[in-house]
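Report on the following structure.
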Amino acid sequence: MSKLPKTNELGFFEIRLESIGGLGANLAGKMLSEDGVVGNGLNGVGFSSYGSEKKGSPVKAHIRFCEPETNIRDTTPIERPHVVGIFHDALFKTIDCTSGVYPDSNILVNSQKSPDELKTLMKITGGTIAIVDATGIALEEQTKANTAMLGALYRIIGFLDPESMKQTIRRTFEKKYPHLVEPNIRTFERGYNEVEFKTYFVDDGYEPQPFMRAEPLLGYQTQAIGGTITNPGNSILKDLSISRAGMLPHFHEEKCINCAACDTACPDFCFVWEEKADKRGRPQMFLQGIDYQYCKGCLKCVTACPVEALSGEREFNDGYADKNRVPHLYDLATSI
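Numbering (UniProt numbering), first residue to last: 1 to 336.
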């Protein structure tokens, strides 16, 4: 039986996974809790919380472990995690992923950024930051980032047997998706072996920040009359960058024939056009580039392009999307 390294006042070791729909955090949480109980002899529970259950929407998975003799009568969301797994480093744009962490919590991030960069982004004072390029591993192994994140988590927490998780992966996939068993085991092993750590120590007397529960801006006394939708789903304010799973369309202007096949295939109106005169002086629409704020990386445009003016390439953390974004030319969107 595994031995828990630390517990809270209720006897629980708690893990919170922060993700978006489509990256597999819900399944990762189920597999992690199952293996802790079935494969390692602990008592445990795992559950997820999410909204509209669609790609790109926020997802949280909560896992509690305790000794076998301890009863679990708590299924509330985890507010003070010992370990946080963050499945996409763009989540920092919209969510406080590290809210409620202890000064010595372990924070795992799917990222290519350095621990120092992430420490600044997350605004934390101490703890261990672990990084793994789970997206890159998943693209190479043709799997999802969740099993690479599980491998890194097993390296971090230390008290669970990685060999038992490999059996859990096998049980999960072998009936319906037998061809995914070995790729996912390889992904798990690479996540375990390729994760990197850096520990930051806090000064004596530091008091950890409490968990901040999100409060709705509009209540029964302040709600707009008539059920007004103040931020519609197709608002120009939306940011789909956290929906991307590692790939982006790259625009090669010299090959473009301005046929608009890409614009027809794009579900999010990412392509920016401008009317100019052609060689004969006739007005024609010319493609200026891609507004990556609205691009979720589906790559339908790459498939539709007849002249290979668009190519699907890895989105590295060099700020490619920000550097090459061409904002839409509408008055309301130019300042965003």
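Even glycine gets a Cβ: it sits at the ideal position worked out from N, Cα and C.
- Apart from the 5 residues on each side of it in sequence, Val84 sits with its Cβ closer than 8 Å to the Cβ of Ile15, Arg16, Leu17, Glu18, Cys97, Thr98, Val101, Ser105, Asn106, Ile107, Leu108 in its chain, given in chain order.
- Here Ala28 is buried. Its C-beta has 16 or more other C-beta atoms within 10 Å.
- Membership of Gln167 in the alpha helix (DSSP H) is indicated by the continuous run 162–173.
- Distance check between His62 and each of Lys30, Gly39, Tyr330, Ser164 places Lys30 closest, using alpha-carbon atoms only.
- Less than 8 Å divides the Cβ of Ser241 from the Cβ of Gln293.
- A direct Cα-to-Cα measurement between Leu139 and Lys279 gives close to 42 Å.
- When Cβ pairs closer than 8 Å are counted between the two stretches, the segment 33–44 is seen to touch the segment 62–74, the count reaching three or more.
- For Leu118, same chain residues with a beta-carbon under 6 Å away, outside a window of 5 residues either side, are Val109, Ile129 in chain order.
- Around the beta-carbon of Val302, 16 or more other beta-carbon atoms lie within 10 Å, marking it buried.
- The three-state secondary structure of Gly21, taken from DSSP, is coil.
- Ile63 has Ile15, Gly46 as its beta-bridge partners, per DSSP.
- One Cα belongs to Leu121, the other to Glu315, and the distance between them is close to 19 Å.
- Taking a cut-off of 8 Å on C-beta distances, the segment 210–222 does not touch the segment 144–164, as fewer than three cross pairs fall below it.
- Residue Val195 holds the alpha-carbon nearest to the alpha-carbon of Pro115 among Gln142, Tyr50, Asp239, Val195.
- Pairing Ala309 with Cys256 gives a Cβ-Cβ distance under 8 Å.
- Residue Ser243 holds the alpha-carbon nearest to the alpha-carbon of Lys93 among Cys305, Ser243, Ser311, Gly281.
- Per DSSP, reduced to three states, the secondary structure at Glu141 is helical.
- About 7 Å separates the beta carbons of Leu248 and Cys295, which is inside the 8 Å limit, making them a contact pair.
- Spatial neighbours of Asn8 in its own chain (CB-CB distance under 7 Å, excluding positions within 5 residues in sequence) are listed in chain order as Glu14, Arg80.
- Nearest to Ser57 by alpha-carbon distance, out of Pro283, Arg190, Ile20, is Ile20.
- Scanning the segment 218–304 from its first residue to its last, the whole beta strand (DSSP E) runs of 3-plus residues come out as 247–251, 271–277, 283–290.
- DSSP places Ile131 within a strand segment (E or B) once states are collapsed to three.
- Using a 10 angstroms sphere on the CB of Thr168, the tally of other CB atoms reaches 16 or more, which defines it as buried.
- Short of 7 Å from the beta carbon of Asn193, and not among the five residues preceding or following it, lies no beta carbon of its own chain.
- According to the DSSP assignment, Phe211 belongs to no beta strand (DSSP E), since it is labelled neither H nor E.
- About 13 Å separates the beta carbons of Ala304 and Cys270, which is beyond the 8 Å limit, so they are not a contact pair.
- As computed with DSSP, Thr120 is found in no beta bridge at all.
- Comparing C-alpha distances from Tyr50 to each of Thr76, Phe87, Asn26 shows the shortest one belongs to Asn26.
- Contact check for Cys259 against Pro327 fails: the beta carbons are separated by 8 Å or more.
- A straight-line Cα-Cα distance of about 33 Å links Gly191 and Pro267.
- Looking from the CA of Leu160, the closest CA among Gly44, Gly319, Leu217 belongs to Gly44.
- Following the DSSP letters along the chain, one finds Ile185 inside the alpha helix (DSSP H) bounded by residues 181–194.
- C-alpha of Asp203 to C-alpha of Thr125: approximately 9 Å in a straight line.
- Between Pro183 and Thr143, the C-beta gap is smaller than 8 Å, which places the two residues in contact.
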